[in-house]
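Right, one structure below, let's go through it.
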Amino acid sequence: MYKPSIRRPALHVARQTPLPIRVSRPFIRHASTEVKVQRVRFKKRIFTRVTLASLCLYTAAYYTYFQMIGRQLDRLDEGEGVANPGRSPADPTLDEDDELEPIFIPLGLTKARPKTYYKGSDPEWQEFRKLAPDQKKHARMRDQLVAIVRTQIANDKRFKPRMGDINITVGAHWLDITFPDGPPTEYERSGLEIGDHIAWTARPVTELNYHRLNRALYPTAVFSSVLASSKYLVDRQTQMVKRFFNLPVSEEQQKRQYRNSVLGKPTTPTGIESGSDADSTQRSSVPPPPQVPQAPGSNPQEKNVAFPDFSPAPPKSMALSIFASTLAKNWHAFKLEPPRGTVVVSGLIEIKGSKARMTMDVNAAYDPKQDKFVMLQGAIRRIQDMSQRPKGGN
1 MYKPSIRRPA
11 LHVARQTPLP
21 IRVSRPFIRH
31 ASTEVKVQRV
41 RFKKRIFTRV
51 TLASLCLYTA
61 AYYTYFQMIG
71 RQLDRLDEGE
81 GVANPGRSPA
91 DPTLDEDDEL
101 EPIFIPLGLT
111 KARPKTYYKG
121 SDPEWQEFRK
131 LAPDQKKHAR
141 MRDQLVAIVR
151 TQIANDKRFK
161 PRMGDINITV
171 GAHWLDITFP
181 DGPPTEYERS
191 GLEIGDHIAW
201 TARPVTELNY
211 HRLNRALYPT
221 AVFSSVLASS
231 KYLVDRQTQM
241 VKRFFNLPVS
251 EEQQKRQYRN
261 SVLGKPTTPT
271 GIESGSDADS
281 TQRSSVPPPP
291 QVPQAPGSNP
301 QEKNVAFPDF
311 SPAPPKSMAL
321 SIFASTLAKN
331 WHAFKLEPPR
341 GTVVVSGLIE
351 IKGSKARMTM
361 DVNAAYDPKQ
371 DKFVMLQGAI
381 RRIQDMSQRP
391 KGGN
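Under UniProt numbering, the residue at position 200 of the sequence shown is numbered 200, and the numbers go up by one with no gaps.
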């Protein structure tokens, strides 16, 4: 009869099937032998070629140093002894006088110290208390500062064409006297000090050097100038590409292009362009004269090649003019704090000339002990001509 059978997977059948066992003959042949494991340590050679060469090199260097430089130092010591016969080598003052200043290697950035303030017992505050009620001294300080500023402007040749003859006794001024609450902020820089010993120390840094270092590390004015000139060049190239493919140009780009074209043309004081159409057509009809090639060295400017002219050249392109104007706009002078123990005198001083008048913003520091100004900073606030003409014409 028919008997139902169970279907088993091939993997199950393969597991039940006995596998043939094969034993290699070498394993049977050496089955009775014992395997011994022995540890071995490899030692490095002490005297190798590299070691011997390094030893010879260092020995020759030390020998040369002690034979040549050591003798020179001994001769110098003997010469100092002959020059100063009264001083013996065992004199304890010899090392003190010949002590060299330790070498300082700055590491890291310069940082400001915590702000401090004057106390009532400080000598600076006592000087302030003596100076505060003396109104005659205040008036003399103001007059002294006004005379200094006006004299400097009158002696400066750069203001002569614009200002004319300056009268230092004429003009108004508005000056305030302020007593600081504390000394200026101090700055320090950490680093290694190498002398008789090596130590990690901090040395003071002047405020001017601190601002110079920050300007060198973070040149924001130069970066903004480069960004402005680069933006102009990118916009100009974009306009050229759009014109090449006959693409529409935005109104803002057209206005900017028109402004740049107007600024690039020289104009007369009345606002009319220097070259008219008639003059341009007349000049175009006349052929230009032939250019005669000059021999090398015939030009007087080429003869002084070793002594170049360092006068600043005017910008020849719109990108350079944008860079220069942006740099002059963002390049500000350092605002230094008044020195310790000084009084701040700040305000406006008017300077009158025969052609124009000037108003200067002044900030000065007066030292009561020395009875003079130790710091002076000034900037031109405005210049106005005595006679003003209409720019639109008559």
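A virtual CB, placed ideally from N, CA and C, is assigned to each residue, including glycine.
Answer yes or no: do Ser190 and Leu107 have a C-beta to C-beta separation smaller than 8 Å? As a first step, residue 190 must be located in the sequence shown, where it is residue number 190. As a first step, residue 107 must be located in the sequence shown, where it is residue number 107. Yes, the Cβ-Cβ distance between Ser190 and Leu107 is below 8 Å.
When you compare the CB positions of Val374 and Val149, do they come within less than 8 Å of one another, or not? Within the sequence shown, the letter at position 374 stands for residue 374. Within the sequence shown, the letter at position 149 stands for residue 149. In this structure, Val149 does not lie closer than 8 Å to Val374 by Cβ.
Exposed unless 16 or more other CB atoms sit within 10 angstroms - verdict on Pro300: Counting from one through the sequence shown, the residue named residue 300 turns up at place 300. For Pro300, the pLDDT reaches just 43, beneath the cut-off of 50, and the residue's location in the model is therefore unreliable, although a value from the coordinates is still provided. It counts as exposed.
Please check the pair Thr151 and Ile168, which I expect to be a contact at CB under 8 Å, by giving their CB distance rounded to whole angstroms. Here residue 151 corresponds to residue number 151 of the sequence shown, with the count starting at 1. Here residue 168 corresponds to residue number 168 of the sequence shown, with the count starting at 1. Between Ile168 and Thr151 the Cβ distance is about 6 Å, and since that is below 8 Å, they are a contact.
As a quick exercise: from Gln135, Lys160 and Ile105, pick the residue whose alpha carbon is nearest that of Lys355. Within the sequence shown, the letter at position 355 stands for residue 355. For the residues Gln135, Lys160 and Ile105, the minimum Cα distance to Lys355 belongs to Lys160.
Could you give the distance in angstroms between the alpha-carbon of residue 398 and the alpha-carbon of Thr59? What the structure shows of the chain is the stretch from 1 to 394, and residue 398 is not part of that stretch, so it cannot be assessed.
Mapping the DSSP letters down to three states, classify residue 411 as helix, strand or coil. No information on residue 411 is available, as it lies outside the stretch 1 to 394 that the chain covers here.
Suppose the cutoff is 6 Å on Cβ atoms and the five residues either side in sequence are ignored; what does the same chain contact list for Met358 look like? Within the sequence shown, residue 358 is the residue found at index 358, counting from 1. Around Met358: Ile351 and Ile383.
Using 8 Å for Cβ pairs, my map puts Ile349 next to His173. What's the rounded Cβ distance? Within the sequence shown, the letter at position 349 stands for residue 349. Within the sequence shown, the letter at position 173 stands for residue 173. So it is a contact: roughly 5 Å between Cβ atoms.
Does the stretch 218-233 touch the stretch 119-136, meaning 3 or more C-beta pairs lie closer than 8 Å? no
Short CB-CB distance (under 8 Å) between Ser321 and chain D: The structure shown contains no chain D; it is built from a single protein chain.
Reduced DSSP category for Asn214 - H, G, I as helix; E, B as strand; rest coil: Taking the first residue of the sequence shown as position 1, residue 214 is located at position 214. Residue state, collapsed to three classes: helix.
Pull up the distance between the alpha-carbon of Ala345 and that of Ala333, whole angstroms please. As a working note, residue 345 is residue 345 in the sequence shown. As a working note, residue 333 is residue 333 in the sequence shown. Checking the displayed sequence, the identity of residue 345 turns out to be Val instead of Ala. Roughly 18 Å separates the two Cα atoms.
Using a 10 Å radius around the Cβ and a threshold of 16 neighbouring Cβ atoms, would you call Leu57 buried or exposed? Residue 57 sits at position 57 when you count from the first residue of the sequence shown. Exposed.
Ignore the nearest five residues each way along the sequence and tell me which others in Val205's own chain have a CB closer than 7 Å to its CB. As a working mapping, residue 205 is identified with position 205 in the sequence shown. Once the five neighbours on either side are set aside, the close Cβ partners of Val205 are Thr110, Tyr187, Glu188 and Arg189.
DSSP three-state call for Thr220: helix, strand or coil? Your numbering for residue 220 matches position 220 in the sequence shown. DSSP places Thr220 in helix when its eight states are reduced to three.
Whose C-beta lies closer than 7 Å to the C-beta of Tyr366 among residues of the same chain, with five residues either side of it excluded? As a working note, residue 366 is residue 366 in the sequence shown. Cβ neighbours of Tyr366 beyond the five flanking positions: Met141, Thr342, Val343, Val345 and Phe373.
Would you check if there are 3 or more beta carbon pairs closer than 8 Å linking the stretch 322-338 to the stretch 223-232? yes
Beta-carbon gap between Leu192 and Ile105 smaller than 8 Å: Walking along the sequence shown from the start, residue 192 turns up at place 192. Walking along the sequence shown from the start, residue 105 turns up at place 105. Yes; because the gap between Cβ atoms is below 8 Å, this pair is in contact.
My understanding is that Gly182 touches Tyr232, with C-beta atoms under 8 Å, so please give their C-beta distance in whole angstroms. In the sequence shown, the residue the question calls residue 182 occupies position 182. In the sequence shown, the residue the question calls residue 232 occupies position 232. Their Cβ separation, rounded to whole angstroms, is 46 Å, which puts Gly182 and Tyr232 out of contact at 8 Å.
Taking C-alpha atoms, which residue in Arg45, Lys329, Asp134 and Gly195 lies nearest to Leu100? Numbered from 1 along the sequence shown, position 100 holds the residue referred to as residue 100. Minimum Cα distance to Leu100 is reached at Gly195.
Just the C-alpha distance for Arg340 and Lys136, rounded to the nearest angstrom, thanks. In the sequence shown, residue 340 corresponds to position 340, counting from 1. In the sequence shown, residue 136 corresponds to position 136, counting from 1. Answer to the nearest angstrom: the Cα atoms are 23 Å apart.
Evaluate residue 395 with the Cβ neighbour count: other Cβ atoms within 10 Å of its Cβ, from every protein chain shown; 16 or more gives buried, anything less gives exposed. The chain is shown from 1 up to 394; residue 395 falls before or after that span and cannot be answered.
Taking DSSP as the reference, what is the three-state secondary structure of Gly264? One-based indexing of the sequence shown puts residue 264 at position 264. Its pLDDT being 47, under 50, Gly264 is placed unreliably in this model, and the coordinates cannot settle the point.
Just tell me which of Val40, Thr48, Pro338 and Asp371 has its CA closest to the CA of Glu207. Here residue 207 is taken as the residue at index 207 of the sequence shown, counted from 1. Closest by alpha carbon: Pro338.
Using 10 angstroms around the beta-carbon of Ala83, count the other beta-carbons present and answer buried if the total reaches 16, otherwise exposed. As a first step, residue 83 is located in the sequence shown; it is residue number 83 there, counting from the start. Because Ala83 sits at a pLDDT of 48, beneath the cut-off of 50, its placement in the model cannot be relied upon, and the point is left open.
Contact belief for Val249 with Gln237 at Cβ below 8 Å, rounded distance in angstroms: For the purposes of this step, residue 249 is identified with residue 249 of the sequence shown, where counting begins at 1. For the purposes of this step, residue 237 is identified with residue 237 of the sequence shown, where counting begins at 1. Not really, about 13 Å apart at Cβ, beyond 8 Å.
Pick helix, strand or coil for Ala333, following the three-state DSSP scheme. Taking the first residue of the sequence shown as position 1, residue 333 is located at position 333. Correct three-state label for Ala333: coil.
Coil, strand or helix - Ala61 by DSSP: Numbered from 1 along the sequence shown, position 61 holds the residue referred to as residue 61. Looking at Ala61 - three-state DSSP - the assignment turns out to be helix.
Status (buried if at least 16 other CB within 10 Å, exposed otherwise) for Val40: Numbered from its first residue, the sequence shown carries residue 40 at position 40. Exposed is the call here.
Buried versus exposed call for Ile153 [16 or more other C-beta atoms within 10 Å across all chains shown]: Residue numbering aside, residue 153 sits at position 153 when the sequence shown is read from its first letter. It counts as buried.
Pairwise C-alpha distance: Leu336 and Thr201: Counting from one through the sequence shown, the residue named residue 201 turns up at place 201. Counting from one through the sequence shown, the residue named residue 336 turns up at place 336. If you take the alpha carbons of Thr201 and Leu336, they lie about 26 Å apart.
Report the rounded CA-to-CA distance for Lys242 versus Arg215, giving the unit in angstroms. Position 242 of the sequence shown, counting from 1, holds the residue named residue 242. Position 215 of the sequence shown, counting from 1, holds the residue named residue 215. Going from the Cα of Lys242 to the Cα of Arg215 covers about 40 Å.
On the three-state DSSP scale, how would you describe Thr51? Residue numbering aside, residue 51 sits at position 51 when the sequence shown is read from its first letter. The answer is helix: DSSP assigns Thr51 an H, G or I state.
Among Gln144, Ser230 and Glu124, which has the Cα closest to the Cα of Phe179? Translated into positions along the sequence shown, residue 179 becomes position 179. The candidate whose alpha carbon is nearest that of Phe179 is Glu124.
Hey, how far is the Cα of Phe244 from the Cα of Gln377? One-based indexing of the sequence shown puts residue 244 at position 244. One-based indexing of the sequence shown puts residue 377 at position 377. Distance between the alpha carbons of Phe244 and Gln377 is about 54 Å.
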